[in-house]
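Residue numbers (my numbering): 109 to 439.
By construction, the Cβ of each residue, glycine as well, lies at the ideal position given by its N, Cα and C atoms.
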Ligand code: DGY
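Right, dumping it as structure tokens:
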């Protein structure tokens, strides 16, 4: 029996067949096209002997996993978010992490804006009302929402996606755009986005629509909790397309119920796919299952980028979008 000399990799979830076929040209691929949900123990067992892993952004890669999987050299997320990686532990273990930036920026910004509009104009609530057979007559204030054009769009986290949302708001809807970020953008980028830098308190207090686009980390955990919600206008909407855990979901559900703020649109949740039960019962929230980057074209581009990172690093010694640059060991 011929022994393969190709490096062995694992693809943790079902993925586009053409991406799998590309990977198979270079690697011995163990895939999961049945899309079984593996426990962390099962994942660890499957990683034995693998040099690379194609991850979906949810699989925790930390010191314990790395110690148990010494053959691993690269973990390639198909997502731009990489809070599943303990990058310090990966660097210490000589394991590269890669993500999938840029290819999803505009698609995700489109969705952020769609969720903002659905939330502010109460589209989901109105649709449920109609489908429920409750529409018997038109009335002057039926599902009256809040204005989008000309209002103040506040963005917390002004990376590529935040900038895409800013441009949509300023150029498409004549919104006044303010933002807060760890570091201020350069003047040319601010001018391009027509966005003004403000402090976090001013952002919260001035926002008609607050969009969260910051990465999740221990430092950003519960960035929006009861105290921050209390600073917002009672007419304001809150949109989270970033990560669960940035918002304290229990506090948000209470704020929506008490009308501390008017409405929220959420694509991400603490502990997803579990959704806080209190959010399921408040009417003034639009809930979507983490689909901000979900167009087939964008998801395909994300998957190709993860595959190209695996091929680039394990075959050619250079990944495209490394998070913790390392030099590949060619042993
Ligand atoms: C990402 O890429 O991090 C998104 O959240 C997945 O769509």
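{"query": "Sub-9 Å separation of residue 297 and residue 317 beta-carbons", "result": "no"}
{"query": "CA-to-CA distance, residue 284 to residue 187, given in whole angstroms", "result": "30 Å"}
{"query": "CA-to-CA distance, residue 396 to residue 268, given in whole angstroms", "result": "22 Å"}
{"query": "When 197, 360, 421 and 406 are compared against residue 124, the one with the closest alpha-carbon", "result": "406"}
{"query": "Min CB distance residue 418 to chain B below 9 Å", "result": "The chain labelled as chain B is not found in the depicted structure, where only one protein chain is given."}
{"query": "Contact the segment 121 to 136 vs the segment 400 to 419: 3+ CB pairs below 8 Å", "result": "yes"}
{"query": "First through last residue of the beta strand (DSSP E) which encompasses residue 317", "result": "317 to 320"}
{"query": "Closer than 8 Å: residue 261 CB and nearest the ligand DGY heavy atom", "result": "no"}
{"query": "Member of 205, 139 and 389 whose CA lies at the smallest distance from the CA of residue 121", "result": "139"}
{"query": "Own chain residues within Cβ distance below 7 Å of residue 420, not counting five before or after", "result": "426, 427 and 428"}
{"query": "Distance, residue 357 Cα to residue 289 Cα", "result": "22 Å"}
{"query": "Residues near residue 141 by beta carbon distance below 7 Å, same chain, minus five either side", "result": "122"}
{"query": "From 281, 319 and 389, residue whose alpha carbon lies closest to that of residue 349", "result": "319"}
{"query": "Nearest to residue 184 (by Cα), restricted to the options 214, 145 and 164", "result": "164"}
{"query": "Sequence-distant residues of its chain with Cβ nearer than 6 Å to residue 114 (five each side left out)", "result": "135 and 136"}
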